[in-house]
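Worksheet: one structure, shown below.
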Amino acid sequence: MSDLTMQLHAILRNCALVHAPLGRTTTLREAGIDRLDLPMIALDIEDRFDVHFGPVDDSLVTVGDLVDRLNVCLAAKATPRVRQARRRSSWMSTSA
18 MSDLTMQLHA ILRNCALVHA PLGRTTTLRE AGIDRLDLPM IALDIEDRFD VHFGPVDDSL
78 VTVGDLVDRL NVCLAAKATP RVRQARRRSS WMSTSA
């Protein structure tokens, strides 16, 4: 189990009602995590990994879905953003 997965499991354990072993195929419902806990889990993930987790929707069903989304977020964070040149304009308004 990777360090990333262990950190994610630690976050999930804070909200989980059932303390059974968590695997990739374990559903969040089986772990005792309901839909109201998911926004708090997303915020914890954003704080821990310094990423933008994105919207919490119905596609997050299993622990594996959370791991996959986190991997996508970390990959997006690692790729540099292309900066576009800003259009230079006069600071003075011409509509007066």
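Numbering (my numbering) for the sequence shown: 18 to 113. All C-beta atoms, glycine included, are put in the ideal place defined by N, C-alpha and C.
One question on the structure: do residue i and residue j come within less than 8 Å of each other, judged by their Cβ atoms?
i: residue 91; j: residue 83; result: no
i: residue 80; j: residue 55; result: no
i: residue 49; j: residue 35; result: yes
i: residue 39; j: residue 26; result: yes
The alpha helix (DSSP H) spanning residue i covers which residue range?
i: residue 60; result: 55-66
i: residue 20; result: 20-32
i: residue 86; result: 80-95
Quick one: is residue i buried, meaning 16 or more other Cβ sit within 10 Å of its Cβ, or exposed?
i: residue 21; result: exposed
i: residue 53; result: exposed
i: residue 60; result: exposed
i: residue 33; result: buried
Between residue i and residue j, which are expected to be in contact by the criterion C-beta below 8 Å, what is the C-beta distance as a whole number of angstroms?
i: residue 86; j: residue 70; result: 7 Å
Under the three-state reduction of DSSP, which class applies to residue i: helix, strand or coil?
i: residue 44; result: strand
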